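The next block holds one structure in the form of structure tokens; read it before the comments.
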Amino acid sequence: ETGVTQTPRHLVMGMTNKKSLKCEQHLGHNAMYWYKQSAKKPLELMFVYSLEERVENNSVPSRFSPECPNSSHLFLHLHTLQPEDSALYLCASSQTILQGLDTEAFFGQGTRLTVV
Amino acid sequence: GESVGLHLPTLSVQEGDNSIINCAYSNSASDYFIWYKQESGKGPQFIIDIRSNMDKRQGQRVTVLLNKTVKHLSLQIAATQPGDSAVYFCAENILGGTSYGKLTFGQGTILTVHP
């Protein structure tokens, strides 16, 4: 266990559904991230939060809506997704926004999302 | 656009051998590099990182080498074990500015270790 917990582990949703992914970190970190991992594609950064403030929105469609109510929790709200949004969604945290040596990011196990 | 890529998508080795996983990067402004390991069903796990003012950094059984001249990064695993079987990603970043947290990942190399 890395100290970053994601729920649910698996999610199947229809294109008209609304669902949320949850991430919780128990490491006292100040930065949290959402990544998307699709088959045969590199990891793609979606959002970055530092001290509960969004500092990066990497051209992500508005059907993905992040929320960071406190430094320990991060949500990704999903609505009207498309089948191509099916992927592994990974949450990560780090002590601070990645700046240099030994400021590593700890990843959760991910939520395997399937949009039908 | 700029990208990070891997020379070999798969690597098979015998237990006890040394493994070398390679990575090419194209953004000459990148100054921070990380190697991650991802086992099946798990998220990526940090292995080791290196800054551009270094050309070598060693960890426990792993060594990262950086050749800025040819923009090449490698991960060496000594005495490879079956538990090392995983997908290995390199990632690059530019420290400071507005690129914080914006790691660019390669596609990954699948390492398979045979007993």
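Residue numbers (my numbering), protein chains in the order written: chain C, 1116 to 1231; chain A, 10 to 124. Where is the CB? At the ideal position from N, CA and C, for every residue including glycine. Note that the coordinates shown come from a computational prediction; the quantities given were computed from them, not determined experimentally.
- Does the beta carbon of L67/A come closer than 8 angstroms to any beta carbon on chain C? Going by the sequence as given, residue 67/A is Gln instead of Leu. No - not a single Cβ of chain C is within 8 angstroms of the one on Q67/A.
- chain A within 8 angstroms of G1118/C, Cβ atoms only: No Cβ of chain A is located within less than 8 angstroms of the beta carbon of G1118/C.
- Message: At the level of alpha carbons, what is the spacing between Y1204/C and N36/A?
- Response: 26 angstroms
- What number of angstroms, rounded off, separates the C-alpha of I119/A from the C-alpha of V1170/C? 33 angstroms
- Task: Excluding the 5 residues preceding and the 5 following Q1197/C in the sequence, name in chain order all residues of the same chain whose CB lies nearer than 7 angstroms to its CB.
- Result: M1130 and V1230
- Message: Can you confirm whether the stretch 20 to 36 of chain A touches the stretch 1136 to 1147 of chain C when touching is taken to mean that 3 or more C-beta pairs between the two stretches lie within less than 8 angstroms?
- Response: no
- Query: R1178/C bridges to which residues according to DSSP?
  - Reply: Per DSSP, none; premise fails for R1178/C.
- Three-way DSSP call (helix, strand, coil) for D58/A in this model: strand
- Answer with yes or no whether the minimum CB distance from P53/A to chain C is below 8 angstroms. yes
- Message: If I follow the unbroken beta strand (DSSP E) through M1147/C, where does it start and stop?
- Response: A1146 to Q1152
- Query: In whole angstroms, what is the alpha-carbon distance linking Q1224/C and V1119/C?
  - Reply: 8 angstroms
- Message: Quick check on the DSSP output: the beta strand (DSSP E) that includes T19/A runs from which residue to which?
- Response: T19 to Q23
- Message: According to DSSP, is P91/A part of a helix, a strand, or is it coil?
- Response: helix
- Query: Between I125/A and S28/A, is the Cβ-Cβ spacing less than 8 angstroms?
  - Reply: Only positions 10 to 124 of chain A appear in this structure, which leaves residue 125/A out of reach.
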